[in-house]
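The structure under discussion appears below in the form of structure tokens.
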Amino acid sequence: MPQLNQIQELVRLDILKIESEFDIVRARQAVRFYAKEMKMGVVDQTRITTAVSELFRNMYQYAGGGEIIIERGDFQARPALVVTCIDHGPGIEDIELAMSDGYTSGSGMGYGLPGAKRLVDDFFIESRVNGGTTIRIVKWA
Amino acid sequence: MKYDPDEIKVSRRIPIIKYGEFLIVSIQVDMHDRLAMELQTQILEEITKTNARGVLIDISVLDTVDSYIGRMLYGMATMASIMDAAVVIVGMQPAVAITLVELGLDMPGVLTALNIEQASRMLRKKMKNKK
Numbered sequence: 037m038p039q040l041n042q043i044q045e046l047v048r049l050d051i052l053k054i055e056s057e058f059d060i061v062r063a064r065q066a067v068r069f070y071a072k073e074m075k076m077g078v079v080d081q082t083r084i085t086t087a088v089s090e091l092f093r094n095m096y097q098y099a100g101g102g103e104i105i106i107e108r109g110d111f112q113a114r115p116a117l118v119v120t121c122i123d124h125g126p127g128i129e130d131i132e133l134a135m136s137d138g139y140t141s142g143s144g145m146g147y148g149l150p151g152a153k154r155l156v157d158d159f160f161i162e163s164r165v166n167g168g169t170t171i172r173i174v175k176w177a
Numbered sequence: 020m021k022y023d024p025d026e027i028k029v030s031r032r033i034p035i036i037k038y039g040e041f042l043i044v045s046i047q048v049d050m051h052d053r054l055a056m057e058l059q060t061q062i063l064e065e066i067t068k069t070n071a072r073g074v075l076i077d078i079s080v081l082d083t084v085d086s087y088i089g090r091m092l093y094g095m096a097t098m099a100s101i102m103d104a105a106v107v108i109v110g111m112q113p114a115v116a117i118t119l120v121e122l123g124l125d126m127p128g129v130l131t132a133l134n135i136e137q138a139s140r141m142l143r144k145k146m147k148n149k150k
């Protein structure tokens, strides 16, 4: 598991809230905007936008929403876009299970977490039952 | 109710155009989940109403297709085929195709085409084979 201090020179770009379905769309468009600004290629822009879309939907469906912090920083000495999703929902009981392909606890297809992980360069998850979930993803620019 | 330009922008309907035996749908907005589900229902209703034999769904301007929208498209193709109509997904951007595969979403049996002409040729051939 990567530790949160592995990213240097963090600069905050935006803070957004997920409270409705519209916010999922707005927030993923914001992430694409910053990815583009960091000169990420089109495929990587699409990868991170799709990954965050899965995460934002999870926040909305399972935790009723949450907060998103968009930052840039240096991850392993290379510039990267960092998106942190914080919710205060029920938390994930078995992270290993939730991270395994094909697993779903809701109406989804179960591609949410493992799929999102495959699309980014670093994936950090911390969750406590009744204590909410924090997921941080990193994509090199 | 207060005027909210965002609300109006995101809640506008996606037009379904009848063209001969086909329906043409061009998705030009970044859809939120409810809009995607509404579109699925609308298209299926339109198939019944018009007896359409094929549906061409143009997604050439969509730059993000996540598992929800992917599942909506796949579900629609499956449902339409039960109703004896074929669905062709038209113009998927390469970056979207790459991302969908990496995400782990596959859509077995769903027809795809690069453009509308190719898609309508595909559908005509399919219908001819059935006769």
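Chains A and B are the protein sequences, given in the same order.
Note that my numbering has the first sequence beginning at 37, numbered continuously upward.
Note that my numbering has the second sequence beginning at 20, numbered continuously upward.
Just so you know, even glycine gets a beta-carbon here, dropped at the ideal spot from N, CA and C.
What you are looking at is a predicted structure, and each value in this text was computed from that prediction instead of being measured.
Any C-beta of chain A under 9 Å from that of residue 123 of chain B: Here residue 123 of chain B refers to the residue found at position 104 when the second sequence is read from its first residue. So yes, residue 123 of chain B belongs to the interface.
N-terminal and C-terminal residue of the alpha helix (DSSP H) that residue 163 of chain A is part of: Within the first sequence, the letter at position 127 stands for residue 163 of chain A. Not the alpha helix (DSSP H): residue 163 of chain A falls in the beta strand (DSSP E), residues 158–164.
Classification of residue 113 of chain A by the beta-carbon crowding that lies within 10 angstroms, buried from 16 upward: As a position in the first sequence, residue 113 of chain A is number 77, starting the count at 1. Residue 113 of chain A comes out exposed.
Residue 42 of chain A to residue 160 of chain A span [Cα, whole Å]: The residue you call residue 42 of chain A lines up with position 6 of the first sequence. The residue you call residue 160 of chain A lines up with position 124 of the first sequence. Their backbone Cα atoms lie some 11 Å apart in a straight line.
Contacts that residue 115 of chain B makes with chain A (C-beta to C-beta distance below 9 Å): For this step, residue 115 of chain B is matched to residue 96 along the second sequence. Those within 9 Å of residue 115 of chain B in chain A are 82, 86.
Own chain residues within Cβ distance below 8 Å of residue 147 of chain B, not counting five before or after: Start at 1 with the first residue of the second sequence, and residue 147 of chain B comes out as number 128. Excluding sequence neighbours, residue 147 of chain B sits near nothing in its chain.
Through-space distance from residue 114 of chain B to residue 128 of chain B, alpha-carbon basis: Within the second sequence, numbered from 1, the residue matching residue 128 of chain B stands at position 109. Within the second sequence, numbered from 1, the residue matching residue 114 of chain B stands at position 95. Each residue's alpha carbon lies about 21 Å from the other.
Residue 112 of chain A - DSSP class collapsed to helix/strand/coil: Here residue 112 of chain A refers to the residue found at position 76 of the first sequence. The answer is coil: DSSP assigns residue 112 of chain A none of H, G, I, E or B.
Where residue 60 of chain B falls, given that 16 or more other Cβ within 10 Å makes a residue buried: On the second sequence, position 41 is the one that residue 60 of chain B refers to. By the neighbour-count rule (16 or more Cβ atoms within 10 Å), residue 60 of chain B is not buried but exposed.
Best match in B/83, B/118, B/79 for proximity to residue 108 of chain B [C-alpha to C-alpha]: The sequence position of residue 108 of chain B within the second sequence is 89, counting from 1. Nearest C-alpha to residue 108 of chain B: B/79.
Option nearest residue 87 of chain B by Cα separation, candidates A/151, A/172, A/168, A/176: By one-based count along the second sequence, residue 87 of chain B stands at place 68. Closest by alpha carbon: A/151.
Range covered by the beta strand (DSSP E) that runs through residue 45 of chain B: Within the second sequence, the letter at position 26 stands for residue 45 of chain B. Run containing residue 45 of chain B: 41–45, per the beta strand (DSSP E) assignment.
At least three beta-carbon pairs within less than 8 Å, the stretch 50–58 of chain A to the stretch 154–174 of chain A: no
Residues that DSSP places opposite residue 52 of chain A in a beta bridge: Locating residue 52 of chain A in the first sequence gives position 16, where the first residue counts as 1. According to DSSP, which records beta bridges pairwise, residue 52 of chain A is partnered with A/104.
Close Cβ partners of residue 135 of chain A (< 6 Å) along its chain, the five nearest in sequence each way excluded: The residue given as residue 135 of chain A occupies position 99 in the first sequence. Excluding residues within five positions, the ones whose Cβ falls inside 6 Å are 149, 150.
Simplified DSSP assignment, three categories, for residue 84 of chain B: Residue numbering aside, residue 84 of chain B sits at position 65 when the second sequence is read from its first letter. Residue 84 of chain B falls in the coil class under three-state DSSP.
Under the three-state DSSP convention, the category residue 172 of chain A falls into: As a first step, residue 172 of chain A must be located in the first sequence, where it is residue number 136. Looking at residue 172 of chain A - three-state DSSP - the assignment turns out to be strand.
Simplified DSSP state of residue 66 of chain B, which is helix, strand or coil: Numbered from 1 along the second sequence, position 47 holds the residue referred to as residue 66 of chain B. Looking at residue 66 of chain B - three-state DSSP - the assignment turns out to be helix.
Limits of the unbroken alpha helix (DSSP H) element including residue 117 of chain B: Position 98 of the second sequence holds residue 117 of chain B. Per DSSP, residue 117 of chain B belongs to the alpha helix (DSSP H) from 113–122.
Alpha helix (DSSP H) segment containing residue 66 of chain A, residue limits: As a first step, residue 66 of chain A is located in the first sequence; it is residue number 30 there, counting from the start. Element bounds for residue 66 of chain A: 57–73.
Interface positions of the stretch 43–66 of chain A facing chain B (Cβ-Cβ less than 7 Å), listed along the chain: 57, 58, 60, 61, 64, 65
Residue 37 of chain B - DSSP class collapsed to helix/strand/coil: Counted from its first residue, the second sequence places residue 37 of chain B at position 18. In this structure, residue 37 of chain B counts as strand in the three-state DSSP scheme.
For residue 99 of chain B, the residue or residues it bridges with in DSSP: Indexing the second sequence from 1 puts residue 99 of chain B at position 80. None; residue 99 of chain B has no bridge partner.
Exposure label - residue 81 of chain A; buried when at least 16 CB within 10 Å: What you label residue 81 of chain A is simply residue 45 of the first sequence in a count that begins at 1. Looking at its Cβ environment, which holds 16 or more other Cβ atoms inside 10 Å, residue 81 of chain A is buried.
Segment contact flag, the stretch 128–146 of chain B with the stretch 95–111 of chain A, C-beta cutoff 8 Å, min 3 pairs: no
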